[in-house]
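Going line by line, the protein sequences match chains Z and Y. Residues in the first sequence are numbered from 130 upward in steps of one, following this note's numbering. Residues in the second sequence are numbered from 130 upward in steps of one, following this note's numbering.
2 protein chains.
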Amino acid sequence: MEFLAAHHFLRAHLQARVPLPNADFAIFQRYLRPQILRKRQHLLLAGEPCTHLAFVTQGCLRSYSLNGQGHEHTLQFAPEDWWVSDIYSLLTQQPSTLSIDALEDTHLLLLAQADLETIYAQFPIFERYFRLLMQSRYVALQERVNASLSQTASEKYQHFLRKYPGIAQRVPQHFIASYLGITPESLSRVRRQL
Amino acid sequence: MEFLAAHHFLRAHLQARVPLPNADFAIFQRYLRPQILRKRQHLLLAGEPCTHLAFVTQGCLRSYSLNGQGHEHTLQFAPEDWWVSDIYSLLTQQPSTLSIDALEDTHLLLLAQADLETIYAQFPIFERYFRLLMQSRYVALQERVNASLSQTASEKYQHFLRKYPGIAQRVPQHFIASYLGITPESLSRVRRQL
DNA sequence: ATGCTTTCTTATCCTAGGATAAGGCGCGGA
DNA sequence: TCCGCGCCTTATCCTAGGATAAGAAAGCAT
């Protein structure tokens, strides 16, 4: 996908959610920096400060953390139409605790946190857009917390399949296990029993 | 606390986060409905549609879900300065999946979802305030997901004590256990070992 | 084609924490 | 003052899922 197509993709995404004149988008898009990431390349490494939001127009990223024992825990899959970033680091300028890498060759549009305040002032509709985005993310995360409190490994997996059909076909199972909070061996066991 | 004091409390909360002229707050406050909840009374029962946001000015609420086996899972403690609600139900008008009850006699200010759109239009600063609120809630929830993926019961408990000092002194331990996703017996065991 | 690497599976053994049961203690109400 | 109940603890026994180890299959790179 060339950069132009990527911009169109983001414009469609935004206009499906908030009213945004093409003329305004035309100005907004100057803040975007296209980037391509090859499979397994990192967008962000834990410890670096996170300075950008990334919008995926093609491919798939994942954000994850590493615990003391060297175990990876996947926090988010970000296929087309998703934003990723370490929001905590982005907001506080603290070193990031998350890493972000590419599960496939991936096309991104980067938006600098430093430009966001300007954008909010210039186009207040973005304030609304990000409020709506954060709201729906919050609801999704709350559902995930709820699932982690109340469901068995098998239930969590089935819930994941229902909620994110497509992802399971696309990403290796051990990443899904690390998203669900179980080992790849357990996931394999669970799948055998279904 | 009389209603006037409650209003002042919310005004201070808002003005600490966004610029909000007293004159604007004076208009905004007409949308607020004070309410008092006695210990163990419910603000919301799962199945009802959730129509309001509640801001706690005194006391403490909790939101929780009930799974198939009748087990309660605490999703949020809401002491003074916190908003609570079932945001999913609030946004979609679907029946709520959460219940909310009072852990102590609690004073609230209620804000109808139906009025929020008006408020956003009238005072765009509220759009920003709720964006900031949602952002920080999202970060906190993500940290919680991360903890649930990577920590033992004991670590989760210690993390909770650090993150919410005050709550542990205030609410019965079995609620904390249900927040951490462990049984009260396990929490007791964990505490003995510390 | 032939190794490497990545992914997934299966088997065995082990442990953190759940289930169940019982008892203690403090407090509010009659 | 005594009852009842809400809350916490302890003990025992049990199970879901982790740890470890070993292959097998599939894809890629040379």
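Built from N, CA and C at the ideal position, the CB exists for glycine as well. All values derive from a computational prediction rather than experimental measurement.
Return the CA-CA distance between residue i and residue j, expressed in angstroms with no decimal places.
i, j, result
"leucine 239 of chain Z", "proline 301 of chain Z", "26 Å"
"leucine 204 of chain Z", "histidine 181 of chain Y", "30 Å"
"alanine 207 of chain Y", "alanine 297 of chain Y", "13 Å"
"cysteine 179 of chain Y", "valine 213 of chain Y", "11 Å"
"glutamine 287 of chain Z", "alanine 269 of chain Z", "16 Å"
"tyrosine 258 of chain Z", "tyrosine 249 of chain Y", "13 Å"
"phenylalanine 184 of chain Z", "arginine 266 of chain Y", "21 Å"
"histidine 142 of chain Y", "alanine 243 of chain Z", "26 Å"
"arginine 146 of chain Y", "leucine 262 of chain Z", "20 Å"
"arginine 169 of chain Z", "threonine 247 of chain Y", "47 Å"
"valine 274 of chain Y", "histidine 136 of chain Z", "32 Å"
"aspartate 153 of chain Y", "leucine 161 of chain Y", "13 Å"
"histidine 236 of chain Z", "glutamine 271 of chain Y", "25 Å"
"threonine 312 of chain Y", "glutamine 322 of chain Y", "16 Å"
"glutamate 233 of chain Y", "leucine 172 of chain Z", "47 Å"
"arginine 140 of chain Z", "glutamate 256 of chain Z", "16 Å"
"threonine 221 of chain Y", "isoleucine 165 of chain Y", "26 Å"
"alanine 134 of chain Z", "proline 148 of chain Z", "20 Å"
"lysine 195 of chain Z", "histidine 202 of chain Z", "A quick correction: the sequence has leucine, not lysine, at residue 195 of chain Z. Between leucine 195 of chain Z and histidine 202 of chain Z, the C-alpha separation is close to 6 Å."
"serine 228 of chain Z", "aspartate 215 of chain Z", "8 Å"
"alanine 306 of chain Y", "glutamine 198 of chain Z", "25 Å"
"serine 317 of chain Z", "serine 283 of chain Y", "28 Å"
"alanine 231 of chain Z", "arginine 167 of chain Z", "7 Å"
"glycine 176 of chain Y", "histidine 200 of chain Y", "17 Å"
"threonine 186 of chain Z", "proline 163 of chain Z", "10 Å"
"lysine 285 of chain Z", "phenylalanine 304 of chain Z", "14 Å"
Could you pull the start and end residues of the beta strand (DSSP E) that residue i belongs to?
i, result
"threonine 281 of chain Z", "Premise fails: threonine 281 of chain Z is in no beta strand (DSSP E) and is neither H nor E."
"histidine 202 of chain Y", "201-208"
"leucine 172 of chain Y", "171-173"
"serine 307 of chain Z", "Not the beta strand (DSSP E): serine 307 of chain Z falls in the alpha helix (DSSP H), residues 302-309."
"alanine 333 of chain Y", "Shown here, chain Y extends from 130 to 323; a query on residue 333 of chain Y therefore has no answer."
Tell me residue i's beta-bridge partners as DSSP assigns them.
i, result
"histidine 136 of chain Z", "Paired residues: none, contrary to the question."
"glutamine 164 of chain Z", "Z:Leu237"
"histidine 181 of chain Z", "Z:Ala241"
"tryptophan 212 of chain Y", "Y:Phe184"
"proline 224 of chain Z", "Z:Pro178"
Mind checking which residues open and close the alpha helix (DSSP H) that includes residue i?
i, result
"serine 194 of chain Z", "No alpha helix (DSSP H) holds serine 194 of chain Z; the beta strand (DSSP E) holding it covers 189-195."
"arginine 318 of chain Z", "313-321"
"serine 218 of chain Z", "216-221"
"alanine 152 of chain Y", "151-157"
"glutamine 298 of chain Z", "296-299"
Would you grab the beta carbon distance between residue i and residue j for me? Rounded to a whole angstrom, and I think it's under 8 Å.
i, j, result
"serine 277 of chain Y", "serine 192 of chain Z", "That pair is no contact at about 16 Å."
"arginine 291 of chain Y", "cysteine 189 of chain Y", "Not quite, the Cβ-Cβ distance comes to about 19 Å (not below 8 Å), so this is no contact."
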